[in-house]
Structure formats: C-alpha cells, structure tokens
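Q:
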Amino acid sequence: MSNNIMYNNPLIYGVEFQTRLLCSLHANNDQDCFLIGTQSLVTSNIQVHLVKLQEETNILCPQIYEHSYGEIWSLASSPTDKHLIYILVMLVTMFHPTNDAYMCSVIDNNIVMWDVGESGVKIVCTAFVTADDCYIKAWDLRTQTKIAWNLDGVHTKIIRYNPEHDELIGTTSSDGQVLIICLAGILSSAVEIEDMKTKISIEDKIVTTCDQLEDSVYCVEWSSVDSWILASLSYDGRLLLNKVPKDEQLRILL
7 MSNNIMYNNP LIYGVEFQTR LLCSLHANND QDCFLIGTQS LVTSNIQVHL
57 VKLQEETNIL CPQIYEHSYG EIWSLASSPT DKHLIYILVM LVTMFHPTND
107 AYMCSVIDNN IVMWDVGESG VKIVCTAFVT ADDCYIKAWD LRTQTKIAWN
157 LDGVHTKIIR YNPEHDELIG TTSSDGQVLI ICLAGILSSA VEIEDMKTKI
207 SIEDKIVTTC DQLEDSVYCV EWSSVDSWIL ASLSYDGRLL LNKVPKDEQL
257 RILL
C-alpha cells in the first residue's frame, strides 16, 4: 500500500482515555514513532502509548504501558537514546532537540534551562518560541528587547518547528484545527540571502489545514524520521498523522 493515503486521508489512532501529551521518539531513526500520555485522576487510566507507523502497510501499531506514579503533566523523549523518556507529574519540561544533557522547564511563568550533566543549572540556549492566546512570539536571549519576531491574530495553542525544514511550523487550536504554515521570515538561510543581496519570493502562507479532529488539539509534533509527517493529538484521545503536500515538498527541496 502506498503511503499516498497520508496525503489524501490522514492516519488515525484512538485512545480510550483523554489525552494532552504527545512527543516524537527522537532517537529512533528507523521508524516513525510517537509517545502519547493519557490524562486522568484515576490511576488505572494513566497510560503511555508508544505508537509506531508501519510504512509498508500504513498501519499504526501501539504498545501500551501502565503508569501508576501519578497524573502525567509532561512527556519527553531523549534525542540520543530511544530507550530513555522523561515523565513528570508536576512541571512542563522538554529535552533540547539535539542534546539530551539540556532540558527546559516552565516554573511559575518563568523558563528555566537545565544542564542535567555535571555542571549544574544554567542557561544553555539563545532562542525559543512561545504561543499565548492569539500570539506567537520568538524570543532571542541575546538582545535587550528579547522578542525577535511575533505573529498576531494567530489561533493557536501549541507551535512546533519542523526539525529539517525550519520555514515550516505546525500549530494547534481549540477548534479542532491543525495548521501547517510556511513562514519565509524564519528560514535559517534568510540571513545569508539578505547578506548576498539576493531577492527571492517565498510566500508566507497556510500550507494545509487538517480539520479531521473534533475536540481541542493540545499537542502537535513533527516526526523525527520523516520530516514531512506531522502528528497531532486531540483531548478526546485521537492521534492524527498528516503529510505536507507534495507540491510544497518540491518547492522547499528545489
């Protein structure tokens, strides 16, 4: 079966319980895998689902693990060890995308960067992005103003950069929609292009709208294996896998 089905009809996996946590299994370079954390006050309903995509058949295959240590509030996978994941019951915490010695936590509206190696706690990055109500803001810690760029009037809860093609972002919202957006202004090569005085025309646009989910979408993650695959997770426990349209892939690659 061709994986063209993902261009026309997304793949869907259903979870029995409510969900708000999703992450890609970053260290697995052989297969598209995602982790889902359920949310419940009932201990027996708290689970972690490992969902693997069988590329040859386009079938989503789950493995379910019980979690009896309390309600899950944060879920992250190591970028270097596919057997290592972090589950936190209090803080919102994420791994650095390429170095599992660094982590970031949100504590009392403050962002704390952790070096979990031997050197203790310190700031280890210079930029990050936040989504708040109808605003997306990029923060640059090297400048006095700190806000590098922002988008107003954007209906979003969560935003994720594409790990390979950084002009692509995925966003979620409470209306059940997932957007794949192209933003030429955040393209990593934009500075080099400006220095060369080369003029190019790349349109800022919504590449595609994924509206197959019926509940609020709390999570969105790009695959760490196939950078064109975007996974989204709704509160009613539905995992959706979509692909960037082929014409947009060709425009980016060429």
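With positions in the sequence shown counted from 1, the corresponding number in this note's numbering is that position plus 6. Glycine is no exception: its CB is placed at the ideal position from the N, C-alpha and C atoms.
Which residue wins for smallest C-alpha separation from Gly43, given the options Gln183, Cys225 and Ile187?
A: It is Cys225 whose Cα lies nearest to the Cα of Gly43.
Q: Does the contact criterion of 3 or more C-beta pairs under 8 Å hold for the region 17-29 versus the region 249-258?
A: Output reads no: the region 249-258 does not touch the region 17-29.
Q: If Leu59 and Leu66 are in contact, beta carbons under 8 Å, what's the gap, nearest whole angstrom?
A: Rounded, the Cβ-Cβ distance is 6 Å, consistent with contact.
Q: Check this for me: beta carbons of Tyr71 and Leu245, under 8 Å apart or not?
A: Taking 8 Å as the Cβ cut-off, Tyr71 and Leu245 do not qualify as a contacting pair.
Q: Less than 8 Å between C-beta atoms, sequence neighbours within five positions excluded: which residues of the same chain meet that for Ser240?
A: Closer than 8 Å at Cβ, skipping near neighbours: Thr25, Gly182, Leu219, Glu220, Asp221, Ser222, Val223, Tyr224 and Leu246.
Q: Considering only the alpha carbon of each residue, which of Met100, Gly176, Lys211 and Ser50 lies closest to Ser233?
A: Comparing Cα-Cα distances from Ser233 to each of Met100, Gly176, Lys211 and Ser50, the minimum goes to Gly176.
Q: Have a look at Asp217, Trp120, Gln37 and Leu174 and flag the residue whose alpha-carbon is nearest the alpha-carbon of Glu62.
A: Selected option, being the one with the closest Cα: Gln37.
Q: Have a look at Ser83 and Lys211 and give me their C-alpha separation to the nearest angstrom.
A: If you take the alpha carbons of Ser83 and Lys211, they lie about 31 Å apart.
Q: For Leu260, count neighbouring C-beta atoms within 10 Å of its own C-beta (all shown protein chains included) and say buried if the count is 16 or more, exposed if not.
A: Classification of Leu260: exposed, given that the 10 Å Cβ count is below 16.
Q: Measure from the alpha carbon of Pro169 to the alpha carbon of each residue in Ser46, Ser229, His89 and Val213, then state which is nearest.
A: The candidate whose alpha carbon is nearest that of Pro169 is Ser229.
Q: Pick from Phe40, Asn51, Asn35 and Leu47: whose alpha carbon is nearest that of Leu81?
A: Among Phe40, Asn51, Asn35 and Leu47, the Cα nearest to that of Leu81 is on Phe40.
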